[in-house]
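The next block holds one structure in the form of structure tokens; read it before the comments.
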Amino acid sequence: MHKKYSKNAKQNILPGFNLSLGFTIFYLSLIVLIPLSAAFIKTTELSFNEFWAVVSAPRVVASYQLTFGASLIGALINAVFGLLTAWVLVRYKFPGKKIIDALVDLPFALPTAVAGIALTAVYAGNGWIGQWIEPLGIKIAFTPIGVIVALTFIGLPFVVRTVQPVLENLEAETEEAAASLGANRWQTFTKIIFPAIWPALLTGFALAFARAIGEYGSVIFIAGNVPFVSEITPLIIITKLEQYEYASATAVAVVMLVISFLLLFAINGLQWWVNRRASALS
Amino acid sequence: MSISTTLPASQYSNYQNKVARSRATSEPVWARWTLIAIVLLFLTLFLIVPLAAVFTEALRKGFDTYITALTDPDALSSIKLTLIAAAIAVPLNLVFGVAAAWAIAKFEFRGKSILITLIDLPFAVSPVIAGLIYVLIFGLQGWFGSTLLDHDIKVVFAIPGIVLATIFVTFPFVARELIPLMQAQGKEEEEAGLVLGASGWQILWRITLPNVKWGLLYGVILTNARAMGEFGAVSVVSGHIRGLTNTLPLHVEILYNEYNYAAAFAVASLLAILALVTLLLKSFVEWKVARDAQIDEKS
Amino acid sequence: MSIEIKNIRKNFGSFSALNDVSLDVPSGELVALLGPSGCGKTTLLRIIAGLETPDSGSIHFHGADATVQKVREREVGFVFQHYALFRHMTVFENVAFGLRVRPKETRPTDAEIKRRVHELLELVQLDWLADRYPPQLSGGQRQRIALARALAVEPKVLLLDEPFGALDAKVRKELRRWLRRLHDELHITSIFVTHDQEEALEVSDRVVVINKGQIEQIGSPQEVYDHPVSPFVYQFLGNVNQFQSQIHQGEANIGGIGLKINAHHDTKHSAGLAYVRPHDIEIHKVRNGEAPAFEAVIHYIHAIGPLVRLELQRADQSGLIEAELTQERFRELDLSQGENVFVYPRNVRVFLNQAIPRDIA
């Protein structure tokens, strides 16, 4: 007596698959997918030439340059100092370490508007830090440098939190082996430690970069928002919205969305690769 | 963009693997302290000074001004609206997170990795765009604009829009927290429950959820922090009507733009306290998880 | 309760985990499913429990078709390989779980649950651990709690997946004797999965040897050990010497030496594999009359324990022979490394035209 079962009746006998997956897809569609598709559908109101005219207008292009340039510099600063921070937190003991470790996540937890006004207060010409730097001829608040400061702040935890666990899980033995073979500390770092952590570093960098591109709240207070100089792309979208130019606001939004999605896929691919590499190595 | 929320994997495993480092694999003392000094300087400039500035500026004009700013009717109504938005967004995303994690962690199906990526989407979208898409759908010129107008329902520039935008930006947090955790725990305990006669809901309530309670709490803390602090997305859909559609962060912006700095920072200090409490709870959860992991490994 | 398994097939993708497996387990028996890892034994156990569904075939509990019955309704007890104890519950709550999740009508009262749980904890001799949490227990204790938990629902069938696999050698020995005694007390039809032949032979009433998704042999421990039906079973159950040989009219020719094999009298000039257990290798310092023997050099002597193990290099350089002697016999022979000896295999068993099984775990 043979009973036939459909191939799709999966081996798993735990209940609730249809309910949980059904609800997941329903909720995902309702909250995320359908609303996001509205942006793409809205742009079809514009002809391609109109679309192109909007997204390649000089003021919009200047905002791309600022947004991507400042995000890139912010992410690079975070790559360097995030790596240092992760290293110090994992390897060294010093007073207040636990508090510092917890504070690294502050940019995740602090509302961006608060970060924005706080950074402005600190880095303005009469601020705690600004008053020391302005006499040197460097203006931070209300210039593109201010944008970089804000984007560095909001991207700060990413590199630290991606590199930290990898550093923690490095086996002391490999470093001891390197030392026993005659390598000095710097050689051990460049030849043993860095090759192990650079994929995580790259992931953290990409995450910080992606986060910075879309950032709005912390930037607008410190940026000064001067067209062609310190105006970021999300602000362009808001400005167009306030002038009821929905289609052109959406056109710029679509450009940003496409870039963000590409980054997301790249990051997911990167993380997949890192995980596979990690499991292959272990 | 999962990293922002998940507990470091190391918190769950390998906690005891931190071998005391021997001489051969540590840096000279001067190098060590130089590196520590650089890091402390960097973090002071970017984290500690701005944080301190919030509280200093808030109290600059004295404690009375501080209290007045917080008890202002507009401030109180913005607090209320912020709490309402979080009270709706957090439970909804919690239920979603549990459902998504159950489907993804306990079952194999085609398109799973695509689903995980889609759940991440809101992290990749600029908050401004998150607000924009709801305006496109529910705004006056939007898909449902005229229908809503006919029935006198306001979504955009009203509380429902704020709630929707908040749900969107906090969408992935709980799911991202639970998925790796539940994947790591496998299915054996659930199967044991099944063999012992438990129903699906009994398994969920009595076995699965208690096992991921810290991760769940962690996800809720992060969702809540973001829900109460969201600025960009809410700003687009709120319409900034004082006393009606202003959340706390929006109220900060209004006061700031009116050059009422002391009041702006006073309200901001509330949000900063919320952030500090969030960090404290987060550290507590991490400590709990690490301790549990240690007990697990000891035996 | 008896279990009949009929023509079960199960594929995972292109991998065939079980290929037409049929098995009857009489009521009250303790059966071992024995095989190397990946042979399909755990899959079979999970199919019996209802944790996996077979692609085809059927399962009957006491004559009634249970193939599509839900896990919850099968009334089986399952002990997981890593115990799957509920981490966040005390030992008491773990054992009580199966009773507490019953629908209101059939759920025992709290007092009754308490009584039954303590009874079971006493049965597994761990009543004093009732308030501990699983992570605080040793491996052996967790094992016994998992068993008590499975027994709490009064299962008709007890299924155990590698029940001793995660334990160290000493605890493992203790626990398997204890399981045997427990089974003699309770007489629940029980099936356990193991890759350890010693465990299977010592504990079970019957052994089912499985390889590559198919049953190789079913029999009492004595039967499968003394009369393996295939080279696989021969190699899997205990150490064995394997020789390439030519079979001709009741004789196996191994490297020019003809051994009587008391079988295959009508076979002519076929290739085959000959098997001899190490304890069936007899060793003499001088040639013992006319009987056929290998000449060999003692390559290595391992004399720790009650048995002495010898590695012998055949004079024709075609491989090593392993032999086991009692200490007494070893002293009697007064052997030393490098010495030339004569090797007399007894109880040679031959399988014709078999490829050499390579994948023995």
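Chains as they are written, first to last, in the numbering used here: chain A, 1 to 282; chain B, 1001 to 1299; chain C, 2001 to 2361.
All residues carry an ideal CB built from backbone N, CA and C; glycine is no exception.
Straight through space, the alpha carbons of P15 (chain A) and R276 (chain A) are spaced by roughly 30 Å.
In the structure shown, R2107 (chain C) falls within a coil segment according to DSSP collapsed to helix, strand and coil. Rounded to whole angstroms, V160 (chain A) and L1035 (chain B) show a C-alpha spacing of 15 Å.
In the DSSP secondary-structure assignment, Q2313 (chain C) is bridged to C:V2297 and C:L2320. Annotation: Cβ neighbours of V1128 (chain B) in chain A (cutoff 7 Å, chain order): Y216, P234, I237 and I238. Under the Cβ criterion of 8 Å, L2051 (chain C) is counted among the residues facing chain B. Taking 8 Å as the CB threshold, V2348 (chain C) stays off the interface with chain A. The beta carbon of D2127 (chain C) sits closer than 8 Å to those of H2118 and L2121, all from its chain and outside the five residues before and after it, given in chain order.
DSSP places H2183 (chain C) in the uninterrupted alpha helix (DSSP H) bounded by A2169 to L2186. With a threshold of 8 Å between beta carbons, S71 (chain A) makes no contact with chain B. Residues T250, A253, V254 and L257 of the same chain have their beta carbon placed closer than 8 Å to that of A39 (chain A), with the five preceding and five following residues left out of the count.
The CB of P1180 (chain B) never comes closer than 7 Å to any CB in chain C; the least such distance is about 17 Å. Around the C-beta of L235 (chain A), 16 or more other C-beta atoms lie within 10 Å, and the residue is accordingly described as buried. Sixteen is the threshold: when 16 or more other Cβ atoms of the shown chains lie within 10 Å of the Cβ of G2213 (chain C), as they do, the residue is buried.
For H1251 (chain B), the uninterrupted alpha helix (DSSP H) run begins and ends at L1248 to N1257, by DSSP. In the DSSP assignment, V2031 (chain C) is bridged to C:I2191 and C:R2206. Chain A has no Cβ within less than 8 Å of the Cβ of V2079 (chain C). With contacts defined by Cβ atoms closer than 8 Å, V1163 (chain B) and F1138 (chain B) do not form a contacting pair.
Residue contact with chain A for V2071 (chain C): present (Cβ-Cβ distance below 8 Å to some residue of chain A). DSSP places K2041 (chain C) in the helix class (H, G or I) of the three-state scheme. Under a criterion of Cβ atoms nearer than 9 Å, no residue of chain A is adjacent to P1091 (chain B); the nearest Cβ is some 13 Å distant.
By the C-beta density criterion, N1224 (chain B) is buried, having at least 16 other C-beta atoms within 10 angstroms. Under the Cβ distance rule, N1211 (chain B) counts among the residues neighbouring chain C, one pair being separated by less than 8 Å. Against chain B, the CB of F2092 (chain C) has no partner CB under 8 Å away; the residue lies outside that interface. Only exposed fits K2070 (chain C), as fewer than 16 other CB atoms lie within 10 angstroms of its CB.
Across the structure, A121 (chain A) and L156 (chain A) are spaced so that their CA atoms are roughly 19 Å apart. DSSP places G22 (chain A) inside the alpha helix (DSSP H), whose first and last residues are F17 to L28. The beta-carbon of F194 (chain A) is placed no less than 8 Å from the nearest beta-carbon of chain B. DSSP places Q2143 (chain C) in the uninterrupted alpha helix (DSSP H) bounded by G2139 to A2152.
Between the beta-carbon of G2057 (chain C) and that of K2006 (chain C) there is about 6 Å, and that keeps the pair under the 8 Å contact cut. Close partners of P199 (chain A) in chain B (Cβ separation under 7 Å) are lacking, with about 13 Å as the shortest Cβ gap. For the pair L2023 (chain C) and S1113 (chain B), the Cα-to-Cα distance works out to about 40 Å. Taking a Cβ-Cβ threshold of 8 Å, the residues of chain B close to F261 (chain A) are L1121 and A1124, in chain order. When the five nearest sequence neighbours on each side are left out, the beta carbons in the same chain lying within less than 6 Å of the beta carbon of N2347 (chain C) are those of D2280, in order along the chain. Boundaries of the alpha helix (DSSP H) harbouring P1073 (chain B): P1073 to K1106, taken from the DSSP string. Beta-carbon to beta-carbon, L2160 (chain C) and S2190 (chain C) are separated by about 7 Å, close enough to satisfy the 8 Å threshold.
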